[in-house]
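Residue numbers (the UniProt record's numbering): 1 to 314. We put the CB at the ideal spot given by N, CA and C, even for glycine.
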C-alpha cells in the first residue's frame with residue numbers, strides 16, 4: 001500500500017513538473033545546440049549574440065503570461081538555419097523563399113482530443129552568412145505567428161496572411177487569434193516596462209531619511225560646540241540657571257510634540273509623511289562639566305533637530 005501511494009505521489013509530481021515547463025511557466029528553453037549548428041560559417045561571438053536573443057525572448061515574462069492566458073504549450077525554441085530542410089519552401093512550385101519559422105505541431109492527448117501544442121518552434125534569427133541578427137520585434141512576431149498555429153491551422157503562405165480578401169473560415173479564425181495574441185503581448189509588454197520604470201518608494205524614503213539624519217547630525221554638532229564654548233568658566237549660580245534652561249527646553253520640546261505624541265502624522269519639509277508611536281526622545285541629560293549635551297533614545301523613537309529650527313524655539 002505504501003509503495004502504491006509513493007508511486008502515485010511520484011506520478012503526480014512528474015505531471016506537475018512536466019506541465020510547469022511545458023506551458024511556459026518557467027519560460028521557454030532555448031536550444032543552444034541548434035544555435036551553434038545553424039550557421040557553420042558564423043563567428044562564435046555571433047552565435048553567442050543569437051543565443052542571448054533566443055534566451056531573452058524565451059524568458060520574457062510577457063510571453064509566459066501570454067501563453068498562460070491562452071493555454072498555449074510548446075517545448076523549446078530553436079534557431080532555423082540553412083542546414084534545416086525547411087529553411088526554404090516552395091510557395092508556388094516556381095521559386096523558393098526563406099522561411100521565417102515553423103512550428104512542429106503535435107497532438108496533446110492529455111489535454112483533450114482537439115488540444116494541440118508543439119514540441120519546438122524554430123525561428124530564423126540571422127541573415128546570411130549568420131553574423132547579422134534580425135530585429136527582435138520581427139522574431140517575436142514570427143514566434144506569435146507560430147504560437148497561433150497551435151490553436152488554428154491557417155495558411156503557411158505569408159503572402160496569403162496579408163491579403164484582405166480571405167474567405168476561408170479557418171484562415172479568418174487564425175488571423176483573428178493572431179491579432180489577439182499581438183494585442184495581448186503588446187499590453188503585457190508595456191505593463192512590464194511601466195512596472196520596471198517606476199522608482200521604488202523605499203528608495204525615495206531612504207534619500208529623505210539620509211538627508212534628514214545628515215541635517216540633524218550637523219545641528220547637534222553645532223549646538224554641542226556652542227554649549228562647550230559657553231561652559232568653559234561657570235559657577236554654581238550659572239549651573240543652576242543652566243539646569244533650569246535645560247528643563248524649560250525639555251518642556252518646550254514636549255509641548256511642540258504634544259500634537260503628534262499618539263501616532264499622528266508628522267509632516268516636515270525634510271521628511272515625507274510618517275507615523276510615529278510617540279516622540280519620546282528628548283534631551284534627558286546635560287553633561288555640564290564635559291561641556292556637551294546628548295540625545296538619548298526612549299521607547300524606540302528619536303527626535304531629529306533641523307538646523308533651521310535651532311534659532312529661537314517658540
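Taking contact to mean at least 3 C-beta pairs separated by less than 8 Å, is the region 166-181 in contact with the region 31-49?
Counting Cβ pairs under 8 Å, fewer than three are found: no touch.
Item checked: Of the residues 57, 40 and 247, the one placed nearest residue 123, counting alpha carbons only -> Position 123 of the chain shown, counting from 1, holds the residue named residue 123. Closest by alpha carbon: 57.
Inset, instruction - Can you have a look at residue 8 and say buried or exposed, based on whether 16 or more other CB atoms are within 10 angstroms of its CB? - result: Translated into positions along the chain shown, residue 8 becomes position 8. With fewer than 16 other Cβ atoms within 10 Å, it is exposed.
**Report entry** Contacts around residue 53, its chain only, beta-carbon distance under 8 Å, and the 5 residues preceding and following it disregarded
**Finding:** Against the chain shown, residue 53 aligns to sequence position 53. Closer than 8 Å at the Cβ level, and outside the excluded window around residue 53, lie 125, 133, 136 and 139.
| request: Decide if residue 73 is buried, meaning its Cβ has at least 16 other Cβ atoms within 10 Å, or exposed. | output: Here residue 73 refers to the residue found at position 73 of the chain shown. Answer is buried; the Cβ neighbour count reaches 16.
*Outcome for residue 247 when other beta-carbon atoms lying within 10 angstroms are tallied against a minimum of 16*: As a first step, residue 247 is located in the chain shown; it is residue number 247 there, counting from the start. Residue burial is scored here from C-beta neighbours: residue 247 has fewer than 16 other C-beta atoms within 10 angstroms and is therefore classed as exposed.
Open item on the list: Quick check on the burial criterion: 16 or more other C-beta atoms within 10 angstroms. Buried or exposed for residue 187?
Closed with: Stepping through the chain shown from its first residue, residue 187 is reached at position 187. Label assigned to residue 187: exposed.
Q.
Under DSSP, the beta strand (DSSP E) around residue 74 begins and ends at which residues?
A. Residue mapping note: residue 74 aligns to position 74 of the chain shown, counting from 1. Segment 74-79, the beta strand (DSSP E) holding residue 74.
Next item on the list: Give the straight-line distance between the Cα atoms of residue 183 and residue 10, rounded to the nearest whole angstrom.
Entry: Start at 1 with the first residue of the chain shown, and residue 183 comes out as number 183. Start at 1 with the first residue of the chain shown, and residue 10 comes out as number 10. C-alpha separation (whole angstroms): 40 Å.
Please name the residue in 39, 128, 131 and 144 whose C-alpha comes closest to that of residue 121.
Here residue 121 is taken as the residue at index 121 of the chain shown, counted from 1. For residue 121, the nearest C-alpha among the options comes from 144.
Looking only at its own chain, which residues have a Cβ that is under 7 Å from the Cβ of residue 289, when we skip the five neighbours before and after it?
Here residue 289 refers to the residue found at position 289 of the chain shown. Per-residue confidence for residue 289 stands at a pLDDT of 33, beneath the threshold of 50, marking its modelled position as unreliable; no derived number is given.
Closest to residue 67 by CA distance: which of 146, 31, 82 and 190 is it?
-> Here residue 67 refers to the residue found at position 67 when the chain shown is read from its first residue. Checking every option, the nearest Cα to that of residue 67 belongs to 146.
- Query: Considering only residues of the same chain and omitting the five flanking positions on each side of residue 51, which have a CB-CB separation below 7 Å?
  - Reply: Reading the chain shown from its first residue, position 51 is the one you call residue 51. Here the set comprises 30, 32 and 35.
- Message: Judging by CA-CA distance, which residue of 12, 79, 41 and 240 is the nearest neighbour of residue 131?
- Response: Taking the first residue of the chain shown as position 1, residue 131 is located at position 131. That would be 41, whose Cα lies nearest to the Cα of residue 131.
**OP:** Could you say which of 5, 45, 61 and 39 lies nearest to residue 195 if we only look at CA atoms?
**Re:** Walking along the chain shown from the start, residue 195 turns up at place 195. Here the closest residue by C-alpha is 61.
Shorter than 6 Å, the distance from the beta carbon of residue 189 to the closest heavy atom of the ligand FAD, or not? Ligands are entirely absent from the displayed structure, and the ligand FAD is therefore not among its contents.
Distance between residue 4 and residue 28 (C-alpha atoms, nearest Å) = Counting from one through the chain shown, the residue named residue 28 turns up at place 28. Counting from one through the chain shown, the residue named residue 4 turns up at place 4. So the alpha carbons of these two residues sit roughly 34 Å apart.
Quick one: grab the DSSP three-state call for residue 28. Indexing the chain shown from 1 puts residue 28 at position 28. Residue state, collapsed to three classes: coil.
* Asked: Smallest Cα separation from residue 75: which of 82, 64 and 69?
  -> Start at 1 with the first residue of the chain shown, and residue 75 comes out as number 75. Closest option to residue 75, Cα to Cα, is 64.
Do you know how far the Cα of residue 174 is from the Cα of residue 85? Along the chain shown, one-based indexing puts residue 85 at 85. Along the chain shown, one-based indexing puts residue 174 at 174. Straight through space, the alpha carbons of residue 174 and residue 85 are spaced by roughly 25 Å.
Would you mind stating whether residue 100 and residue 142 have Cβ atoms separated by less than 7 Å?
Position 100 of the chain shown, counted from the first residue, corresponds to residue 100. Position 142 of the chain shown, counted from the first residue, corresponds to residue 142. In this structure, residue 142 lies closer than 7 Å to residue 100 by Cβ.
Euclidean distance between Cα positions of residue 177 and residue 2: Looking up residue 177 in the chain shown gives position 177. Looking up residue 2 in the chain shown gives position 2. If I take the Cα positions, the gap works out to 48 Å.
**Study point:** Own chain partners of residue 81 with C-beta closer than 6 Å, once the 5 adjacent residues on each side are dropped
**Key:** Along the chain shown, one-based indexing puts residue 81 at 81. Once the five neighbours on either side are set aside, the close Cβ partners of residue 81 are 38 and 39.
Exercise for the section: Check residue 133 in the structure and name its three-state DSSP category. Expected result: Here residue 133 is taken as the residue at index 133 of the chain shown, counted from 1. The answer is strand: DSSP assigns residue 133 an E or B state.
Which residues DSSP lists as bridging residue 127, in chain order
Reading the chain shown from its first residue, position 127 is the one you call residue 127. According to DSSP, which records beta bridges pairwise, residue 127 is partnered with 132.
> Who are the near neighbours of residue 189 in its chain, counting only those whose CB is closer than 7 Å to its CB and skipping five residues on each side?
Replying inline: Taking the chain shown and counting its residues from 1, the one referred to as residue 189 is at position 189. Taken in chain order, the residues that qualify are 62.
| query | What residues in its chain sit with their C-beta under 7 Å from that of residue 55, if we drop five residues either side in the sequence? | reply | Sequence index remark: in the chain shown, residue 55 carries index 55 (1-based). 30.
Three-state secondary structure (DSSP) of residue 33: Taking the first residue of the chain shown as position 1, residue 33 is located at position 33. Helix.
How should residue 151 be labelled, buried or exposed, when 16 other C-beta atoms within 10 angstroms of its C-beta is the threshold for buried? Taking the chain shown and counting its residues from 1, the one referred to as residue 151 is at position 151. When all chains shown are included, residue 151 counts as buried.
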